[in-house]
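Residue numbers for the sequence shown follow this note's numbering, beginning at 4 and rising by one.
Cβ atoms here follow ideal geometry from the backbone N, Cα and C, with glycine treated the same way.
Keep in mind the model is a prediction, meaning the values are calculated, not measured.
Note sheet for the following structure.
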Amino acid sequence: MQPPGAWGEELFAGRNIRTNQPPPGLNIARIEAVKSGEAHAMFFVLVILGLPVYSLLWWLWAHVALRRAGVGKAWRRALAAFVLLQVGVYGVLIASRFGALSNDVPLSLIASTYLWHLIALPLGILLAVIAGVLALVAWVVRVGSARAKPANIAPLGERARKDSPHDSAHGGDSRGAFITAPTTARGDDAHGGAASPLEAPALSRRGALVALAAGLPPAISIVSTGVAMSQVRSFRVRELDIPVPGLPRSLEGMTIAHVSDIHVGRFTGGAVLKRISEATSSLRADVVLVTGDIIDHSLDDLPAALDCLRAMDSRAGTFLCEGNHDLFQGAREFEDRVKAAGLPLLLDESATVRVRGESIRLLGLRWATQVRARKFVMHGELPFSREPDAFSILLAHHPHAFDAAAKGGVGLTLAGHTHGGQLMLSPNLGLGPWMFRYWSGLYQRSGCALVVSNGVGNWFPLRTNAPAEIVTLSPWSSRGVFEMKLITPFRA
């Protein structure tokens, strides 16, 4: 391995920063492909095309079930209008993604469509399956009971003899029985009159359950949309003191502003971006470190994202790595435009800055694209030589890079990508631990620390127990415990 500094030096935006570029043959890590890029792309296309089909199939089930249960036409028509609206907005969003249509849909409708197709519709399908299974079980029980019930039919003469008091009252004898028309109380009043045809039949228990199963998913979609619209303009600043063994004494208590997953686009823009840059600058941090996904998907949003980053003030500047959303419309163009804007984007590169008279080595990882396997397991060595005299901080969008970082002795790793689990029932129960080994907050291994940010922006409108945030952290070597000092809410 070449010695530090042998890969060349260059200046970023006039700052005296040494940037080390690894040799072309050196990879981020040894990457194990789980599935080919083509298989992932095909699965993605099937999901995208399948969601509106699933919506229509669910509506067909709900419509038939509600009609059989006796639910009125007005409710069935309202349900049809709701589902058709969701499918229509979904089609507009897909068409606008590929440039076929302009996206002038109100934000609340976009949020509603996201929440319907990704949360409420799966719940609706689950309820439909449960209802079908219960109906099948009930049918099997009825059929089994009917077959198991013994025949208990007496001969005609015996039935007549048993019923002779009733029959003789109507003129019958012991040798036969008159057949009389049965009377029914249903629909009759106390005087034997028929019920009014204007009275609607009461909804049965089965009908009520069917109505609940069909109405619950749209209700969840509508309510969660209201919650989401109150969240997309809000975030918090979380202040953390973290133990980092081996930290130079002069760096104790330094302030790092960790910003991740801004996702400039549909749900993050305008006044929210201004508030993010203002809140970050107000921290008066020694350095601002950004761990990817500064845009949601469109390069048209990159100028606004770059303006937001340039407006963030700190003593040593702002540094960033890339995330997967940054590369959706072209990795090369994104990387070239960010560097042309004078922002130090670290792509398997390192930059050395001085804070409080000490050297800090910032390491930035490139995101693994389809060519290098979209789904991967990172293991082995990082593409950086060791500088024992400099404290190292790794910027990695995916938090699983911490495994390689801890093995390589990197003191502090910052990551994002997880959005804190996005939908969490509790701090340890939800999508976060189901999908990731590390999803929010502080993790420690072998004397090294990882801090995972929930991200300050949104690609998906709803969060539960995983609020959007900027993290400001202060490392200490003399403190052995993690401390959350303060949480400050912000709203644009």
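Do residue i and residue j have their CB atoms nearer than 8 Å?
i, j, result
"Pro246", "Glu361", "no"
"Phe270", "Trp462", "yes"
"Val235", "Val262", "no"
"Trp62", "Leu82", "yes"
"Val474", "Arg278", "no"
"Leu312", "Val293", "yes"
"Ala404", "Thr421", "no"
"Ala114", "Met232", "yes"
"Ala288", "Ser317", "yes"
"Leu330", "Leu349", "no"
So for residue i, helix, strand or coil by DSSP?
i, result
"Phe439", "coil"
"Ser480", "coil"
"Ser233", "helix"
"Thr228", "helix"
"Gly28", "Any reading at Gly28 must be qualified, since the residue scores a pLDDT of 39, below 50, and its modelled position is unreliable; no value is offered."
"Arg287", "coil"
"Thr258", "coil"
"Phe46", "helix"
"Ala214", "helix"
"Ala274", "helix"
"Ile265", "coil"
"Ala469", "coil"
"Met359", "At residue 359 the sequence reads Arg, which differs from the Met that was named. Note: Arg359 maps to coil in three-state DSSP."
"Leu130", "helix"
"Phe331", "coil"
"Gly433", "strand"
"Pro251", "coil"
"Asp310", "helix"
"Thr491", "strand"
"Val240", "strand"
"Leu139", "helix"
"Pro464", "coil"
"Asp304", "helix"
"Ala222", "helix"
"His401", "coil"
"Val459", "coil"
"Ala371", "coil"
"Ser58", "helix"
"Ser317", "coil"
"Ala72", "coil"
"Ser280", "helix"
"Val146", "helix"
Tell me residue i's beta-bridge partners as DSSP assigns them.
i, result
"Phe322", "Leu292"
"Ile298", "Val267"
"Ile245", "Pro478"
"Leu348", "Leu323"
Under the rule that 16 or more other beta-carbon atoms within 10 Å means buried, what is residue i, buried or exposed?
i, result
"Pro402", "buried"
"Pro221", "buried"
"Pro464", "buried"
"Val144", "exposed"
"Asp299", "buried"
"Pro478", "buried"
"Met381", "Only weak support is given to the placement of Met381: the predicted model assigns it a pLDDT of 43, under 50, and the value that follows is read from those uncertain coordinates. It is buried - the Cβ of Met381 has at least 16 other Cβ atoms within 10 Å."
"Ser58", "buried"
"Ala371", "buried"
"Val67", "exposed"
"Val275", "buried"
"Glu336", "exposed"
"Ile133", "exposed"
"Phe101", "exposed"
"Ser449", "exposed"
"Asp264", "buried"
"Leu346", "buried"
"Met438", "exposed"
"Ala172", "The predicted model places Ala172 with a pLDDT of 46, which falls under 50 and marks its position as unreliable, so this point remains unresolved."
How far does the beta strand (DSSP E) with residue i in it reach, from first residue to last?
i, result
"Arg499", "Any answer about residue 499 is impossible in this case: the structure gives the chain only from 4 up to 495."
"Thr416", "Leu415 to Ala418"
"Ala452", "Cys451 to Val455"
"Phe394", "Phe394 to Leu398"
Between which two residues does the alpha helix (DSSP H) containing residue i stretch?
i, result
"Phe520", "No statement about residue 520 is possible, as the shown extent of the chain runs from 4 to 495 and does not include it."
"Ile122", "From DSSP, Ile122 is part of no alpha helix (DSSP H); its letter is neither H nor E."
"Ser115", "Leu110 to Leu118"
"Leu428", "Unbroken run through Leu428 is the beta strand (DSSP E), Met427 to Ser429; no alpha helix (DSSP H)."
"Ala77", "Lys76 to Arg100"
"Lys152", "Unbroken run through Lys152: none, as it is neither H nor E."
"Asp406", "Ala404 to Lys410"
Output yes if chain D places a C-beta closer than 8 Å to the C-beta of residue i; else output no.
i, result
"Ile245", "The structure shown has no chain D; it contains just one protein chain."
Measuring from the CB of residue i, is there a heavy atom of the ligand MN at a distance below 7 Å?
i, result
"Arg287", "The ligand MN is not part of this structure, which contains no ligands at all."
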